[in-house]
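Letter by letter, the sequence shown follows residues 149 to 365 of the working numbering.
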Amino acid sequence: MLGAPGTGKGTQGRRLAAAGHCPLISTGEILSEAVAQATPLGLEARRQMDAGRLVDDRVMIALVSERLARPDTGEGFVLDGFPRTVPQAEALDTLLAERRQEIESVLYLQVDEDRLVRRLLGRRECPVCMRAYNLEGMAPRDGRHCDDHPTVELRVRADDSEATIRQRFEEYRAKTAPLVEYYEATHRLRRVPGTGPADGVFSALLREAGRVPPVTA
Ligand code: AMP
């Protein structure tokens, strides 16, 4: 899954993985676990994440390589949030070649930046169950508290402040956007509009991933 912050890569990636009966490998989630467990790597990564910066390539490549070594990845997987830089993409190609696997499709979710900033500013999470909400479209029933924990007030993610959001887009433009060309040059890129109802986006992703035949008249 490729796309700017807030395009829905995580949500849609999870659905794609469920549809393909394969694991979702989300580097954002792997990092959040390391942060929650306060491992040395987690503490270092947290400083970079909270500032809206990318975590070092060396750390990210090692984490993904470790995750791919687990036995559930043999029949394929969906990657969300990796690669985010050209060196990460090159490392992924090498790792996959060693495993005799290859990327089937790079699904590039496209949404304009203004809309994304509004979406990111509206994101909230429940501090108890981590359920995600969005005041723009996926609001909780009473607008403030978790539907499953009615006394718990939702919070803004640490990396969703306005200054951090701006920094994350800068990182995206400088380091991640070049991947569009990287994958286009090798004919692996599939562009999918990321606006409109989530079910429509999901169907378009499945089609582009070659998972269902396109509907013909
Ligand atoms: P995400 O949940 O995918 O938006 O990731 C949250 C944060 O984790 C990002 O803003 C980065 O700081 C860090 N991160 C996740 N994946 C990567 C990656 N592949 N390379 C560098 N940093 C990453």
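We treat Cβ as the ideally placed atom computed from N, Cα and C, and that holds for glycine.
Terminal residues of the beta strand (DSSP E) in which residue i lies
i    : result
S174 : 172-174
P436 : Since the displayed the chain opens at 149 and closes at 365, residue 436 lies outside it and no answer follows.
R272 : 271-273
A280 : 280-282
D228 : 226-228
Own chain partners of residue i with C-beta closer than 8 Å, once the 5 adjacent residues on each side are dropped
i    : result
L191 : V183
P288 : R272, Y281, C294, D295, L302
A165 : P171, L172, F225, V226
Where the alpha helix (DSSP H) through residue i begins and ends
i    : result
A346 : 346-356
L216 : 205-216
Y330 : 326-333
L244 : 234-246
Q249 : Here Q249 belongs to no alpha helix (DSSP H), and DSSP marks it neither H nor E.
E318 : 310-319
M197 : 188-198
T159 : 157-167
Proximity to residue i [Cα-Cα], best of the options
i    : options                : result
T155 : T334, Y320, G358       : Y320
R263 : R359, E284, E332, R163 : E284
V226 : L327, D290, N282, A167 : A167
M108 : A199, P235, L337, A322 : Residue 108 falls outside the range modelled here, since the chain spans only 149 to 365, and no answer is possible.
G161 : E261, L257, A322       : L257
7 Å Cβ shell around residue i - same chain, five flanking residues per side excluded
i    : result
T221 : P171
S213 : L243
Close Cβ partners of residue i (< 6 Å) along its chain, the five nearest in sequence each way excluded
i    : result
V352 : Inspection of the sequence shows that residue 352 is occupied by Ala rather than by Val. Excluding residues within five positions, the ones whose Cβ falls inside 6 Å are V340.
Presumed contact (8 Å Cβ cut-off) between residue i and residue j, rounded CB distance
i    : j    : result
R271 : R305 : 6 Å
K323 : G229 : In fact, because the Cβ distance is near 13 Å, the residues do not count as touching under 8 Å.
V328 : L337 : 6 Å
A193 : L179 : 5 Å
G342 : V259 : 4 Å
A333 : E252 : So it is not a contact: roughly 17 Å between Cβ atoms.
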